[in-house]
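J.: There's a structure below that I have some questions on.
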Amino acid sequence: MDHHDWQRGRSRGHRRYDDDDDAQPFYIGVPASHRRKRRRHHSYASEADRESRHTHDDHHTQREHSHRGYYHDREEQYNDDEGGSDRHEHADPSVSPAAERLRHILGEDDGAPTPTLFTEMDTLQHEGGELEWKESARWVKFEEKVEEGGERWSKPHVSTLTLHSLFELRTCLQTGSILLDLEGYSLPQIVEEIVDRQIADGLIPLDLKEKIIFVLLRKHRHQTKKPIHRSLADIGKSSNTSRSMNDISDTPSTDQLKNKFMKKIPRDAEASNVLIGEVDFLEKPFVSFVRLAQATTLGGLTEVPVPTRFLFILLGPHGKTKSYNEIGRAIATLMVDDLFSDVAYKARDREDLIAGVDEFLDEVIVLPPGEWDPKIRIEPPKKVPSAEMRHLGQMNGSAGGAAGGEDEELPAPHELGEELKFTGRFCGGLWLDIKRKIPWYCSDIYDGFHIQSISAVLFIYLGCITNAITFGGLLGDATDNYQGVMESFLGTALAGTVFCLFGGQPLIILSSTGPILIFEKLLYEFSKSNNIDYMELRLWIGLHSCLQCFLLVVSDASYIIKYMTRFTEEGFSSLISFIFISDAIKKMVAFKYYPINRGFKPDYITAYKCECIASDQDDSTFYNLTDLDWSQLSKKECVKYGGTLVGSSCKYVPDLALMSFILFFGTYSMTVSLKKFKFSRYFPTKVRQKLISDFAIFMSIMTFVGLDMLMGLDTPKLIVPTEFKPTRIDRGWLVMPFGKNPWWWYLASFVPALLVTILIFMDQQISAVIVNRKENKLKKGCGYHLDLFWVGVLMAVCSFMGLPWYVAATVISIAHIDSLKMESESSAPGEQPQFLGVREQRLTGILVFVLTGLSVFLAPVLQYIPMPVLYGVFLYMGVASLSGIQFWERIKLYLMPSKHQPDFSFLRHVPLRRVHLFTLVQIVCLAVLWILKSTFLAIIFPVMVIMSLRLACSSRKKLQKQSSSVRKT
C-alpha cells in the first residue's frame, strides 16, 4: 500500500468522501470560544495501530479500528511530554492538554508582539515541458485565490477547509522534518539544508537530493506578471536546464518593488511561503516545515518584497493534486491565524506545533455538508475576535454563532478616566490637567497639518457661522438688539479661539445654547419691567458666575461627573441631536420668505392676481401722484409710492419654496451618500476616502450653491454683517460695571448667577464627557478642570464686552470629532478599516473661529450661500450624531420583530421586556426635558439633568449591562 492509501486509511475513521467538492464537509477557519472545552476525539492512533492498518484487508474494519484509536493517542502524547511537569500538577480538568501547553508557550515571553504574516501558496506547474512555481493563493487576513481563468484575484473570503485536510496536515507535521530557527541567508542554501535534514532523518534516499533541489529552485511566476506566451518554435528550443539555480536572486525584483499590494501589508510584516507540487520521482510525500532564525529576503520567492520567516514544502507523487492543495490551504490558513502564528514563532519543537494545530481543531466551527454549498464564498465579517481575547480564552459567542455562555465576557461598564479623580488639594485637578496637556502642546499644533483638517475646517466653519447667525438673530429679537448677529460673530470668534488655544480639550467647539438664550430673554424682560439696566446687571451676573466657576475648579468639583451614567449621557446627547433636527425642519416648514401657494387650482388661474391700490387721497397729494396709473407699477414702485398690494398671489413666487426644499433635502441626502461612499466598490480607496468622503459636506454645499445660482431664483441667502460695529447704536464694545443700577444689585446678582453656573457647568461637562468617551480612543488626555476654568474666564470677558456667553456645543463638537476620525490605511484585503482614533490637535478649531471672525470681510462671497443649504447641514449634523448612540438603536427595537433584531450583546444578557422598559424610562425623561427646553422653564434644565442623573444612579446596578458602551457586533 502506498503512502496515499495510508493517508486515506487514517482519514476514514471520520468519514468517507468522494472527490467531488460538493461532498466535502467544510470548516470555517474562524475560531469559536474556549469556554466549553472538551477532550478531543480526533487523535491519531499509535504506531502499532498504523502498521496494522497498512496490512489490513478489510477497509471497514480498518476504518473502525482507526476511529477507536483516535480517542487516547493525543492525551497519551501530552501526558508523556508534560505529565511530569510541575506546571500541570494543578491543571484545570476542563481545559485540554493542548490548551495547557499553548498557555505555557504563549505565556513565556511577554515581549514585542509577533509580526503580521503574509502567506503565499505556490503550486508546481508544467509549462511546455518546463517546471515553474506559479502563485495560486495568498493570505494576509483572508484568502484570495487566483480565479480559474488565471487573470484576476478572487474577492477576499473566509477560508473554508475540509476536516480531511486538517488531519492530513497534522500527519505531515508528525512525520515530516521540522527545522526551527534555521540559519539561512539564501534560497539555495536553505533548500540544501532542508534536503540534507530529510536525508539525515532517513526520509528520502541520497540519490533524490539533486532532483528535489532542482525542483525547489525553479523560477516563481506571480499573479502580478502576465502569462508567458510563446510560439511552438520557442517551446521546442526550451530545455529543463534553462532555469537553474542562477535564476534565483536574493534581491527584490522591479515587479516586487512596484507591487501596489504592499499598501495592504503592515510595514513590519514577514512572509510565510507554502510550496505544493507533484513530481514523478517520489514514492511518498516530501514534507518540511522551516522557521528561519531571522526573516530573510529570498528574491522572487514572494510576490511582494517581504522577508520570509516560514517555509512549508509538500512534494508528492502524482494523483493527489486536490489533497495536496487542500493541505497547503490548511497550513496557509493556520499561519495567518493570530493564535497559531504566535505558536509558530515561539514553538520549541514538533509537539508545540502539533499542539497549535490541535487547539485550532478545537476551535473550528462545523458546517453540515448537506446544509451549506461549499462553492459559496463567505464574506469577511465586519469584526473578528482579537488575538488577546483568544489568548485569554474570553472570546464572545460559541460554536455556531449562538449566544455565549455564562462566562462570556460582558461589555465594560461606562467608566471615566483618571482626569476626574478627586485630589483633595487646592487646585489639584487643575494642576494635573495642566501637567497632562503641556507635553502635547507642540504636537497639538503640527498634528493639524494634514489634508483631513481642511475638510474639517470647512465643515465646522459653516456650522459655526450658521449657528452664530441663528442665535444672533434670536438674541437680537429677545434683547432689542443689545446682542445681535455682530456680537454673536465676535463672541464666537473670541471665545472659540481662546478656548482652542488654551483649553484642556481643544476638540470641543464653544457656542451659544438654547437654555442660555431663554435665560437672556427672561433677564431682559425682568430688567425692562423693573427699570434696571440690562447690560450692567448682566455684567455682574457674569462676574459672579465666573467666580463660582473658579470655586468649582479649585475644589475639584468636576469629579461629580463620574457619577453620570450612560443613561444621562445618552439622554442629553439625544436631546441636543433632536433639537438640531427639529429646528432645521421647523425653519423650512415655517417658510415665510415666500410661502407655498396651497390649494392652487389651475382652472381658476384667472382669479389669481395681484394689483397695486392707490393710498389715501391725502398721501397721494403729498407725493403728487394723483395722475399716476397705479395698475402699471411694479412691486417695488408700489411700495415706494405708498401703494397697497392686494391679491392672493402677491407674496407667491413660483417654484421658490419648492427650490428651497430641494436645496435643503438635496444637501442632506448628498452629504449622507458621499459619507457612505467610502464603503462602495467604486474608485480606489484613497479617492473614496480622502477625496470624496472627507470632503462630502463641502462638495454638497458647493453643488447646491451652484445649482441655486444656475436656477437664478431669489432663495433666502445667508446674511452677514458688513460693518464692524455693535448692532445697537447706543451701546459700545465695553460695559461699565457701575453707575446705572443700585449698589445692592451687585450683590443680589449672585442668586441668578448660581443658576447660570449650574447651567454652564452641566452643559460644559456633559458635553466634555461625550467628547472624551473611550470609544473615540483619544490619547492625549483631557482637562475637565482646565476647560471649566477657561469657560469662566471667557464669561467674564464676554460680560465686559456685552457679548453672548458660550459653552460646549454637543452636536457641533461630535461633528468635529467625526470629521477628524482616522482609519487604518494598510488594512488587509477583505478586512474592514480599523478605527485608530481622532486626529487630536488645536489647529482646526483655531482656524474655524478665526475664519468666523473674518466672516465680516467675506460677506461678498458668503451672501451667495442659500439658507436652506445650511439648514440641510444642520439636519445632517443632528442625524449623524444619533448614529453612535445606543439609545437610538434601542428605540428602533420597538419596531422590529424579535427574529429580525440585530445581535446586540445586551440582548444576550437582558430580557427584551427589561430592555424596552429601560428605553421607555429614557424616552419619558427625554420628553420631560424636551418640554422644559421648549418653554420658559428651560432655565431649570440643568436641575432636571441632575435629577435624571440621580434616577440613573438608583438603577445603575440593575441596568449596567444595558447602560454600558455597546456597539453593534
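Numbers 116 to 1084, taken from the numbering used here, label the letters of the sequence shown in order. Each residue gets a CB set at the ideal place from its N, CA and C atoms; glycine is no exception. A quick note: this is a predicted structure, and the numbers were derived from the prediction, not measured.
#1: What are the start and end residues of the alpha helix (DSSP H) that includes Thr275?
#2: When you compare only the Cα positions, how much space is there between Gln978 and Ala571?
#3: Kindly provide the ranges of any beta strand (DSSP E) runs that are 3 or more residues long and lie completely inside the stretch 364-436, ordered along the chain.
#4: Using the three-state DSSP reduction, which class does Gln978 fall into: helix, strand or coil?
#5: State the CB to CB distance for the pair Phe401 and Ile327, rounded to an integer number of angstroms; the pair is presumed to be in contact (CB under 8 Å).
#6: Using the Cα positions of Tyr921 and Phe614, report the straight-line distance between them to the nearest angstrom.
#7: In its own chain, which residues sit with a C-beta less than 7 Å from the C-beta of Ser970, not counting the 5 before and 5 after it?
#8: Which word fits Cys557, buried or exposed, when buried means at least 16 other C-beta atoms lie within 10 angstroms of its C-beta?
#9: Is the distance from the Cβ of Ile691 to the Cβ of Thr967 below 7 Å?
#10: Kindly list the residues whose CB is nearer than 6 Å to the CB of Met910, restricted to its own chain and excluding five residues on each side of it in sequence; keep chain order.
#11: By a C-beta neighbour count over all protein chains shown, 10 Å radius and 16 as the cutoff for buried, is Arg1093 buried or exposed?
#12: If contacts are defined as beta-carbon pairs under 8 Å, then Ile676 and Gln409 qualify, I think. What distance do you get, rounded to the angstrom?
#13: With contact counted as at least three CB pairs below 8 Å, one residue from each stretch, are the stretch 890-900 and the stretch 542-562 in contact?
#14: By the three-class DSSP mapping on this structure, what secondary structure does Trp858 have?
#15: Inspect the beta-carbon positions of Gly443 and Val389 and report whether they are closer than 7 Å.
#16: Closer than 7 Å by C-beta to Ile469: which residues in its own chain qualify, once you throw out the five before and the five after it? Chain order, please.
#17: On the three-pair Cβ rule with 8 Å, is the stretch 262-277 touching the stretch 459-478?
#18: Less than 7 Å between the beta carbons of Leu990 and Ala772, yes or no?
#19: Leaving out the 5 sequence neighbours to the left and right, which residues in its chain are closer than 7 Å to Ser808 when beta-carbon positions are compared?
#20: Taking Thr782 and Val988 to be in contact with their CB atoms under 8 Å, please state how far apart those CB atoms are, rounded to whole angstroms.
#21: Closer than 8 Å is the cut-off here; do at least three beta carbon pairs connect the stretch 232-242 with the stretch 415-424?
#22: Should Trp254 be labelled buried (16 or more other beta-carbon atoms within 10 Å of its own) or exposed?
#23: Determine the direct distance from the alpha carbon of Cys725 to that of Glu752, and round the result to whole angstroms.
#24: Sort Arg312, Glu640 and Leu407 by Cα distance to Asp296 and report the nearest one.
#25: Rounded to whole angstroms, how far is the Cβ of Ala923 from the Cβ of Leu625, which I believe are closer than 8 Å?
#26: Quick one: what does DSSP say Ile807 is sitting in, helix, strand or coil?
#27: Where does Ala705 land, buried or exposed, given buried means 16+ other C-beta within 10 angstroms?
#28: Just how far apart, CA to CA, sit Pro484 and Phe1019?
#29: Is the beta carbon of Arg312 closer than 7 Å to that of Leu332?
#30: Need the endpoints of the beta strand (DSSP E) that Glu245 sits in, please.
#31: Taking a contact to mean a Cβ-Cβ separation below 7 Å, would you say Phe915 touches Val871 in this structure?
#32: Quick one: Cα of Phe779 to Cα of His1024, how far?
#33: By how many angstroms is the C-alpha of Trp555 removed from the C-alpha of Ile1006?
#34: Pull the bridge partners of His337 from the DSSP assignment, please.
#35: Which value, in whole angstroms, describes the spacing of the CA atoms of Ser928 and Asp823?
#36: For Val261, which beta-bridge partners are listed by DSSP?
T.: In short:
#1: Counting along the chain, Thr275 falls outside any alpha helix (DSSP H), though it belongs to the beta strand (DSSP E) covering Thr275 to Thr277.
#2: 22 Å
#3: Taking 3 residues as the shortest admissible run, the stretch 364-436 contains the following complete beta strand (DSSP E) segments, listed from N- to C-terminal end: 385-393, 401-411 and 423-431.
#4: coil
#5: 6 Å
#6: Cα-Cα distance, rounded: 10 Å.
#7: Correct list, in chain order: Ile580, Phe604, Val835 and Leu977.
#8: exposed
#9: no
#10: Gly657, Ser660, Cys661 and Trp920
#11: Look at the range of the chain in this structure, 116 to 1084, and you will see that residue 1093 is not part of it.
#12: Not confirmed; about 52 Å, so no contact.
#13: yes
#14: Three-state DSSP puts Trp858 in coil, outside helix and strand.
#15: yes
#16: For Ile469, where only same-chain residues beyond five positions count, the Cβ hits under 7 Å are Arg285, Leu288 and Gln289.
#17: no
#18: no
#19: Around Ser808: Leu789, Lys790, Phe792 and Lys793.
#20: 6 Å
#21: A contact exists between the stretch 232-242 and the stretch 415-424.
#22: buried
#23: 14 Å
#24: Minimum Cα distance to Asp296 is reached at Leu407.
#25: 6 Å
#26: helix
#27: exposed
#28: 29 Å
#29: no
#30: Glu245 to Trp254
#31: Not in contact: Phe915 and Val871 (Cβ atoms no closer than 7 Å).
#32: One Cα belongs to Phe779, the other to His1024, and the distance between them is close to 42 Å.
#33: 40 Å
#34: According to DSSP, which records beta bridges pairwise, His337 is partnered with nothing at all.
#35: 29 Å
#36: Trp268
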